[in-house]
Every structure is written in structure tokens, then in C-alpha cells.
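Count the sequence shown with this note's numbering and you get residues 370 to 678, in order. Before any comments, here is the structure.
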Amino acid sequence: MTIKLSNTENVQKFFQEASGFNNDLGSQRMKKLVNRILIDTVKIIEDLEVTTEEFWKAVDYLNRLGARQEAGLLVAGLGLEHYLDLLLDAQDEQAGLTGGTPRTIEGPLYVAGAPMSEGETRMDDGTDPGTVMFLQGQVFDVDGKPVAGAVVDLWHANTNGTYSYFDTTQSEFNLRRRIVTDAEGRYRARSIVPSGYGCPPDGPTQELLNLLGRHGNRPAHIHFFISAPGYRHLTTQINLSGDEYLWDDFAYATRDGLVGDIRFVDDAAAAKARGVEGRFAELDFNFQLAPALTPEQEAIRDRVRALSN
């Protein structure tokens, strides 16, 4: 029979001391979080009879995860990032906050400070031989009125499934741009069709997924931050239609309303009119921004969060 000590007074006091409750320094919030993590961890050790060997294997795994900078991949792959979206959706619903384009995960590959353009931009540096993609759409409010001056911050992978900054072979801010919508809320971008990608096969994330019998692949997708004064910031992405992993995304980011219907065009006259040669792609996608919360809504949301905790 497993010996259980986690609920004993001595162990509770011990972990309170380890969490810093016996001093007036530091962060009270961090003390509370660490104490809960410690208590829940030892309960797992007790309940699942974790061996010393398994414990140190876990410590080694965390070391390797950090060394490979894959923590962001792991939290996505285990569904934790998607769970945050589900939690926020539930909190919004309970507080009576509805409308707007669905949110979905940010992922770990955003880089701030991309070049800013008015209305339209070119995202690629011309070195990738991928299919040219013309992306356009409008940003509306929940009543269907165009939102002028919204900032559409978007980024995506190249045809190798890698991102600039993290892939040092790409130029700075390649396939990363910010576009300010015009008077009709429109944004336009010329880019290349991105590829999906998988977790590094020799990395710790895929190592764990293998033990779970799961793949680590993502469909082709485009990330977005959209913001405007008076509206709630939107973090979302669109996954591209026709991809093998469209509804089998290891990061659980595909949601109803977030599938981009990409169209491939082989007409030479249409290509000439677009100023390109050969096959190209078109993708139209509109967004709806929900209004910023009123003070009363903020208060309701805070109460909902407190109740959920």
C-alpha cells in the first residue's frame, strides 16, 4: 500500500516553508502558485506511485525541454494552450460577452516589431520559390461596420515550415508584417503559401508524443493579432483548407470559423493581371472585432474569474 504524506500537517508546513510563506518578502501570488504546484506534484507521486527513477527521468526531460526551447511546443501539443481558449470562451459566455471572430492559440513563434504598412504590403523577401499568395480581407465590428485603422499583425512559416528569427537562414522579419486597415477596414498582402510543419523529430516534444502514440504535425496556417482602439485584442489564426492535418492539428488550433478557403489559380491571363507568372493562390478572410469591455463588463468578468478559481 502506498504511503501518503501529502495531507499531513508536517508535510503541509514543510511545503509552506519551501514556498516562502514564512517570510514577508517576494510575491504572494508566486508563493500561492508554487505551493499548489508542490502539493499537487507530491499527490501525483503518491497516487501514481512514481518511482525515484521516473522522478529523475522527468527532471532530465525538463532540462532537455528547456535546452531545446520547446516548452511552447509542449504546452500546445498537450492541449494546455487550447484549454486557455476554452476557459476564456466559457468566462466570456458566463459574463454575457459574445460575438467576434473566434480566438485560438498564439503559439511560441511571434516576434514583435514587424514592419508596418498602410493598407497593403509584401511579406516575403523573394528568395522562397513557393507559390505566390494574395491574401486580403476586411476587419469589421460585430455590427458589420468596417474598422478603419485596425492593426493586422500577421506571421507565417515558409515552404520549409520554419519561421524567420527562429530560422536564421531567413531574412529579418521575412513573412512577418503589420498592416493598418484602410478607410473600408481592408488589408491586403502578397506573400507565399505557407507549409505545415511537424515537431523536430529528435526533440523532447515529439519524444513525449511518441510515448502517447500521437503525431506532432500542424496544418498550413497564418497567425494574426488584430487590434484597434475601442475593441478587444484578437489573437487567432486561420488554417488553410485542403491540408491533410486541417482537423488533426497536434496543437488543437483549428476551430469552426477559422478555416481559410485557399484557391489556386492556373489561368495565365489572371496571373498577368496580378503581375506574376504561373500558378498563384488567393485567400480572402474577414475578421470581426468585439467591442472593448465596459467597466461593468470588466467587473462581471472579474467576478466570473474569481468564481472559477
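Every residue, glycine too, gets a C-beta built ideally from N, C-alpha and C. Note that this is a predicted model, so its numbers are computed, not measured.
On a CA-only basis, which of the options is nearest residue i? Give me that one, please.
i    : options                : result
R648 : V562, G582, G611       : V562
E487 : F424, E462, R555       : R555
D493 : A445, I548, Q539       : Q539
R547 : T531, Y479, V428       : Y479
T496 : G448, N527, L662       : N527
L662 : P598, F619, L447, Y566 : P598
A659 : P515, L577, D625, G389 : P515
K373 : R398, I413, S396       : I413
V411 : F390, V380, S396, K400 : V380
H525 : N404, N543, D458       : N543
L581 : F619, D512, N432       : F619
I631 : E553, G611, F535, G585 : G611
S375 : D409, D512, S396       : D409
M485 : V521, K382, V428       : V521
A530 : G565, T421, E541       : Checking the sequence shown, residue 530 turns out to be Gly, not Ala. Checking every option, the nearest Cα to that of G530 belongs to G565.
Y621 : I474, L417, E415, E613 : I474
E541 : A483, V511, T490, D510 : A483
F654 : F593, E422, V403       : F593
R433 : K641, E576, E462       : E576
V645 : Y532, G435, P498, E613 : P498
Please list the terminal residues of the continuous alpha helix (DSSP H) segment that includes residue i.
i    : result
Y452 : 449 to 463
I406 : 397 to 416
S383 : With the sequence shown as reference, residue 383 is identified as Phe, and Ser is not the correct amino acid for it. Counting along the chain, the alpha helix (DSSP H) containing F383 begins and ends at 378 to 387.
N579 : 573 to 580
G441 : 440 to 446
A642 : 637 to 643
If you follow the beta strand (DSSP E) that residue i is in, where does it begin and where does it stop?
i    : result
R433 : Per DSSP, R433 belongs to no beta strand (DSSP E); it is in the alpha helix (DSSP H), 421 to 436.
G565 : Taken as a continuous stretch (DSSP letters only), G565 belongs to no beta strand (DSSP E), as it is neither H nor E.
L652 : 649 to 653
T605 : 603 to 609
V501 : 501 to 510
E487 : 485 to 487
Q657 : 656 to 658
L523 : 520 to 525
R545 : 545 to 549
V634 : 632 to 634
F535 : It is not in any beta strand (DSSP E) - F535 carries neither H nor E in the DSSP assignment.
H592 : 590 to 596
Are the CB atoms of residue i and residue j nearer to each other than 9 Å?
i    : j    : result
I595 : L603 : yes
T470 : F656 : yes
T574 : L443 : yes
G476 : G441 : yes
Y430 : A519 : no
L578 : R545 : no
R437 : P569 : yes
R405 : T605 : no
R583 : G446 : yes
D617 : N586 : yes
Return the chain-ordered list of same chain residues with a C-beta closer than 8 Å to the C-beta of residue i, the five sequence neighbours on each side being excluded.
i    : result
L615 : P588, N608, L609, T623, V628
L407 : F384, A387, S388
K400 : S388, G389, F390
A650 : T500, V501, M502, F503, V562, I631, R632, F633, V634
A552 : P515, A517
E439 : C568, P569, G572, P573, T574
D625 : P471
V511 : G468, G469, Q657, L658, A659, P660
Within a Cβ cutoff of 6 Å, which residues of the same chain sit near residue i, ignoring the five residues on either side of it in sequence?
i    : result
Y534 : V480
T490 : R546, I548, A558
F424 : none
Among the residues of its own chain, which have a CB less than 7 Å from the CB of residue i, if the five just before and after it don't count?
i    : result
L457 : R472
Worksheet item: Counting pairs of Cβ atoms below 8 Å between the segment 543 to 559 and the segment 503 to 510, do you hit three or more?
Response: Enough Cβ pairs lie closer than 8 Å, so yes.
Practice prompt. State whether the segment 503 to 523 contacts the segment 443 to 459, with contact taken as three or more CB pairs (one from each stretch) at a distance under 8 Å.
Written response: Touching, no, given that fewer than three Cβ pairs across the two stretches are closer than 8 Å.
Worksheet item: Any contact of the segment 458 to 478 with the segment 632 to 649, i.e. 3+ C-beta pairs under 8 Å?
Response: Contact fails: fewer than three Cβ-Cβ distances are below 8 Å.
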